[in-house]
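Undergrad:
In the working numbering, the protein residues as written are 63 to 318.
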């Protein structure tokens, strides 16, 4: 059965309406594909759905999945210091920048993870740490808020076969990925497509960068400016000299 796609043809995006539909699908045990600015993600909140996501991507034992949530969820799930919390707050809430974090999982295990089977628990944790994506878009924040209020946890990974690269628009999904979803939220081409990168992964405990992603050069500058940490330089986007912005005028510019 083909997945339902929202917004329907002729209907404009509405992040609150669309997040509510996606949340209800998660609540019913289904799987969803949602936009994340750096590409689309395949998600679920039920054990059966998480299994479906894992196998649809052709993941193998030892491969991980992540939690996709909010700054509030980051605080609830991770054992972090006040200074580490403040860094993540400033980056994700004040600067509105998406980020993937790795941090120690709280002990005892938070209630929101208590329902996970041993297999799925092992897929979202590694050596006592938890990987998490904190999104920046209105849609991600709204579905995250709904999940927080319900005590629900959204788990998944990028909506592509393992090793095939994150997809930046719905038309590019592999058939196996599309077939794994019950609902697809189609918000068109994603914001950071020009980078051709996934999101940055930052280990909050030791300030090590595991993956340089879209917008990393801005993240690096902000962390250095306000927290004094010197992260590795982006190999492609240098910020020692940033130059100035220029306008590209069109043929219609003479009317303004």
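Quick reminder that beta carbons are idealized off the backbone N, C-alpha and C, glycines included.
#1: So, for residue 188: in the same chain, excluding its five sequence neighbours on each side, which residues have a beta-carbon less than 7 Å away from its beta-carbon?
#2: Looking at the strands, I want to know which residues DSSP matches up with residue 96.
#3: Mapping DSSP to helix, strand and coil, what is residue 78?
#4: List the endpoints of the continuous beta strand (DSSP E) containing residue 265.
#5: Cutting at 8 Å between CB atoms, please list the residues of its own chain near residue 66, excluding the five before and the five after it.
#6: What does residue 167 pair with, by DSSP beta-bridge criteria?
#7: If you reduce the DSSP assignment to three classes, tell me which class residue 304 lands in.
#8: Counting only beta-carbon separations shorter than 9 Å, does residue 255 have a partner in chain B?
#9: Can you check whether the CB of residue 293 is closer than 9 Å to the CB of residue 271?
#10: Measure from the alpha carbon of residue 204 to the alpha carbon of each residue in 71, 77, 235, then state which is nearest.
#11: Grouping DSSP H, G and I as helix and E and B as strand, with all else coil, what is residue 257?
#12: Tell me the DSSP bridge mates of residue 129?
#13: Would you kindly work out how many angstroms separate the C-alpha atoms of residue 139 and residue 154, rounded to a whole number?
#14: Going by DSSP, what residues sit across from residue 162 in a beta bridge?
#15: Do residue 186 and residue 175 have their C-beta atoms closer together than 9 Å?
#16: Considering Cα atoms alone, identify which of 123, 114, 120, 196 is closest to residue 152.
#17: Of the choices 87, 102, 82, whose alpha-carbon is the least far from that of residue 254?
#18: Taking residue 242 as the reference, give the member of 86, 90, 212, 104 with the closest Cα.
#19: For the beta strand (DSSP E) holding residue 273, just list the boundary residues, first then last.
#20: Assuming residue 299 contacts residue 283 (C-beta within less than 8 Å), just tell me the rounded distance between them.
#21: Run through the DSSP bridge pairs and tell me what residue 245 is partnered with.
#22: DSSP three-state call for residue 187: helix, strand or coil?
#23: Classify residue 124 as helix, strand or coil using the three-state DSSP reduction.
#24: Taking the C-alpha atoms as reference points, what is the distance between residue 114 and residue 287?
#25: Does DSSP put residue 290 in a helix, a strand or coil?
#26: Assuming contact is defined by CB atoms lying nearer than 9 Å, are residue 97 and residue 210 in contact in what I supplied?
TA: Well, looking at it:
#1: Once the five neighbours on either side are set aside, the close Cβ partners of residue 188 are 126.
#2: 103
#3: helix
#4: 263–265
#5: 244, 245, 246
#6: 140
#7: coil
#8: The structure shown contains no chain B; it is built from a single protein chain.
#9: yes
#10: For the residues 71, 77, 235, the minimum Cα distance to residue 204 belongs to 77.
#11: helix
#12: Partner(s): 194, 217.
#13: Going by C-alpha positions, residue 139 is about 16 Å away from residue 154.
#14: 195, 263
#15: yes
#16: 196
#17: 102
#18: 104
#19: Element bounds for residue 273: 270–273.
#20: Between residue 283 and residue 299 the Cβ distance is about 10 Å, and since that is not below 8 Å, they are no contact.
#21: 66, 94
#22: strand
#23: coil
#24: 42 Å
#25: coil
#26: 9 Å or more divides the Cβ of residue 97 from the Cβ of residue 210.
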